[in-house]
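2 protein chains.
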Amino acid sequence: MTISFADPKSFDHTELEEGTTFAPRFDANGLLTVVTTEDGTNDILMVAHMNAETLSLTLETGIAHYWSRSRKAVWKKGETSGELQEVVELRTDCDQDCLVMVVRQTGRGAACHTGRKSCFYRRVLNEQGQARLEDTGLPRLFDPKDVYGG
Amino acid sequence: MTISFADPKSFDHTELEEGTTFAPRFDANGLLTVVTTEDGTNDILMVAHMNAETLSLTLETGIAHYWSRSRKAVWKKGETSGELQEVVELRTDCDQDCLVMVVRQTGRGAACHTGRKSCFYRRVLNEQGQARLEDTGLPRLFDPKDVYGG
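Just so you know, the sequences run in chain order A and B.
Counting along the first sequence from 1, when you hit position 126 you're at 126 in our numbering, and nothing is skipped either side.
Every position in the second sequence, counted from 1, becomes a number in our numbering once 1000 is added.
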């Protein structure tokens, strides 16, 4: 069974922002931005995208499915690595073009393909007009070579 | 003084993901996605975009500046509403096309133009194959009509 979504063009501003109809505003490429956070800690694990098909799959199965823009394919998160994400809650923003997905990260707890818990493991510093990155010290929970080969 | 950013095309995969050079990968429209969270609680307040100019302004001033896609203009968050955001930390993701920005939300503490703390005030429910929205109960901290007119 596939979930079909309401067409946002048939709703006005107020209905989109205050209503109870889910009418996701997919972009010109048919995608929504999804921010994935960890249940309990609120930590941001990753940011990725869903199209209508993977949004429907996610809602139906309770397991995170994204759309891989690089592979142009359905991306069941963790299918290779074992790091599946169980959906606890999905929220939309005011104008319905972005989602927050709260998950339980399974496996070793690493959402990032580098083996870290989160993709956001470096901070940006402004040092006298020069921007540079500094590692925040998030440990690697797996070695990508072991998981993905290479 | 304006900060100039390294060109990601001159870096390989490993340098982009593990290096200390900030080389933001702006998309075809010259934009990065920015997820803004509240210092202390980790709550996601909003998701918006920055171009090179507003990223530079944000790093220089320590006050959140976004790029408004609808108005096609620099958007100093809170300039109209008074809800300025003071930047505590800016982080990049592994492939440098997305940022997380940790802020102190000033004013009444409402990041959303609807007057709520966060734009993510509705959850998506799947009820027998039909998706619908349910309010999570986030209160309005201001009346948009008072702040923006209308």
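Just so it is clear, CB atoms sit at the ideal spot from N, CA and C, and this is done for glycine as well.
This one's a predicted model, so the numbers in the text were calculated from it and none came from an experiment.
Practice problem: Could you tell me whether the Cβ of A:L133 comes closer than 7 Å to any Cβ of chain B? | Solution: Counting from 1 along the first sequence, the entry for residue 133 of chain A is found at position 133. Interface residue, yes.
Exercise. Quick one: grab the DSSP three-state call for B:L1133.
Key: For the purposes of this step, residue 1133 of chain B is identified with residue 133 of the second sequence, where counting begins at 1. If DSSP states are grouped into helix, strand and coil, B:L1133 belongs with the strands.
Self-check item: Three-state secondary structure (DSSP) of A:L55
Solution: Against the first sequence, residue 55 of chain A aligns to sequence position 55. It is helical.
Practice problem: Would you check if the distance between the CB atom of B:D1039 and the CB atom of B:V1088 is smaller than 7 Å? | Solution: Translated into positions along the second sequence, residue 1039 of chain B becomes position 39. Translated into positions along the second sequence, residue 1088 of chain B becomes position 88. For the 7 Å CB-CB criterion, B:D1039 and B:V1088 form a contact.
Quiz prompt | Contacts of A:V88 in chain B (Cβ-Cβ under 7 Å) | solution = Residue mapping note: residue 88 of chain A aligns to position 88 of the first sequence, counting from 1. For A:V88, none of the residues of chain B pass the 7 Å Cβ criterion, the least Cβ distance being about 10 Å.
Quiz item: Alpha carbon to alpha carbon, what distance is there between A:T41 and A:L133?
Solution: Translated into the one-based positions of the first sequence, residue 133 of chain A becomes position 133. Translated into the one-based positions of the first sequence, residue 41 of chain A becomes position 41. If you take the alpha carbons of A:L133 and A:T41, they lie about 24 Å apart.
Exercise. Give a yes or no on whether the minimum CB-CB distance between A:F142 and chain B is below 7 Å.
Key: One-based indexing of the first sequence puts residue 142 of chain A at position 142. The beta carbon of A:F142 sits no closer than 7 Å to any beta carbon of chain B.
Self-check item: Cross-chain neighbours of B:L1057 in chain A, by beta carbon under 7 Å
Solution: By one-based count along the second sequence, residue 1057 of chain B stands at place 57. For B:L1057, there are no C-beta contacts with chain A under 7 Å, since the nearest C-beta of that chain is about 11 Å from it.
Quiz item: Since A:F5 meets chain B, which of its residues come closer than 8 Å, beta carbon to beta carbon?
Solution: Translated into positions along the first sequence, residue 5 of chain A becomes position 5. Correct list: A1131.
Practice problem: May I have the straight-line CA-CA distance separating B:L1045 from A:T33, to the nearest angstrom? | Solution: Residue numbering aside, residue 1045 of chain B sits at position 45 when the second sequence is read from its first letter. Residue numbering aside, residue 33 of chain A sits at position 33 when the first sequence is read from its first letter. Here the C-alpha atom of B:L1045 lies approximately 15 Å from the C-alpha atom of A:T33.
Quiz item: Taking only beta-carbon atoms, is B:D1093 less than 7 Å away from chain A?
Solution: The residue you call residue 1093 of chain B lines up with position 93 of the second sequence. Interface residue, yes.
Quiz item: Taking one C-beta from the segment 94-106 of chain A and one from the segment 120-129 of chain A each time, how about it: are there three or more such pairs within less than 8 Å?
Solution: With the cut-off at 8 Å, the segment 94-106 of chain A and the segment 120-129 of chain A do not touch.
Quiz item: With C-beta atoms as the reference, is A:M101 less than 7 Å away from A:L84?
Solution: By one-based count along the first sequence, residue 101 of chain A stands at place 101. By one-based count along the first sequence, residue 84 of chain A stands at place 84. No, the Cβ-Cβ distance between A:M101 and A:L84 is not below 7 Å.
Quiz prompt | Stretch-stretch touch, CB-based, cutoff 8 Å, three pairs: the segment 1142-1149 of chain B with the segment 1106-1125 of chain B | solution = They touch, by the three-pair rule.
Practice problem: Give me the Cα-Cα distance between A:P24 and A:F5, rounded to the nearest whole angstrom. | Solution: By one-based count along the first sequence, residue 24 of chain A stands at place 24. By one-based count along the first sequence, residue 5 of chain A stands at place 5. Taken atom to atom, the span from the alpha-carbon of A:P24 to that of A:F5 is near 7 Å.
Self-check item: Closer than 7 Å to chain B by CB, A:V35
Solution: Locating residue 35 of chain A in the first sequence gives position 35, where the first residue counts as 1. Answer yes: the Cβ-Cβ gap between A:V35 and chain B drops below 7 Å somewhere.
Quiz item: DSSP puts A:A48 in a beta bridge; with which residues?
Solution: Mapped onto the first sequence, residue 48 of chain A falls at position 48. In the DSSP assignment, A:A48 forms a beta bridge with A:V34.
Quiz item: Do we get a CB-CB distance below 7 Å when we pair B:R1025 with the residues of chain A?
Solution: Counted from its first residue, the second sequence places residue 1025 of chain B at position 25. Judged by the 7 Å Cβ criterion, B:R1025 is not in contact with chain A.
Self-check item: B:F1011 at chain A interface by Cβ criterion, 7 Å
Solution: Indexing the second sequence from 1 puts residue 1011 of chain B at position 11. For B:F1011, no CB of chain A lies under 7 Å from its own CB, so it is not counted at the interface with that chain.
Self-check item: First through last residue of the beta strand (DSSP E) which encompasses B:L1099
Solution: Within the second sequence, the letter at position 99 stands for residue 1099 of chain B. Boundaries of the beta strand (DSSP E) around B:L1099: C1098 to Q1105.
Quiz item: What in chain A is Cβ-close to B:N1126, meaning under 8 Å?
Solution: Here residue 1126 of chain B corresponds to residue number 126 of the second sequence, with the count starting at 1. Those within 8 Å of B:N1126 in chain A are I3, L59 and E60.
Quiz prompt | Cut-off 8 Å between Cβ atoms - residues of its own chain near A:D43, not counting five sequence neighbours on either side | solution = Here residue 43 of chain A refers to the residue found at position 43 when the first sequence is read from its first residue. If we look at A:D43 and ignore the five residues flanking it on each side, its Cβ neighbours are T37, K117 and S118.
Quiz item: Name the chain A residues whose beta carbon is nearer than 7 Å to that of B:E1017?
Solution: The sequence position of residue 1017 of chain B within the second sequence is 17, counting from 1. Under the 7 Å cutoff, chain A gives T114.
Quiz item: Hey, would you say the C-beta of B:I1003 is under 6 Å away from at least one heavy atom of the ligand ATP?
Solution: For the structure depicted, the ligand ATP is absent and the ligand set is empty, with no information on it obtainable.
Quiz prompt | C-beta neighbour in chain B for A:N51, strict 7 Å | solution = For this step, residue 51 of chain A is matched to residue 51 along the first sequence. Chain B contact via Cβ: absent.
Exercise. From the DSSP output, in three-state form, read off B:A1013 for me.
Key: On the second sequence, residue 1013 of chain B is found 13 positions in, with the first residue counted as 1. Looking at the sequence provided, one finds His at residue 1013 of chain B rather than Ala. In the structure shown, the three-state DSSP call for B:H1013 is helix.
Practice problem: Identify the continuous alpha helix (DSSP H) that holds A:Y148 and give its terminal residues. | Solution: Taking the first residue of the first sequence as position 1, residue 148 of chain A is located at position 148. Its alpha helix (DSSP H) spans residues P144 to Y148.
Self-check item: Of the residues A:A64, A:H49 and A:G82, the one placed nearest A:R71, counting alpha carbons only
Solution: Within the first sequence, residue 71 of chain A is the residue found at index 71, counting from 1. Taking only the C-alpha atoms, the option nearest A:R71 is A:H49.
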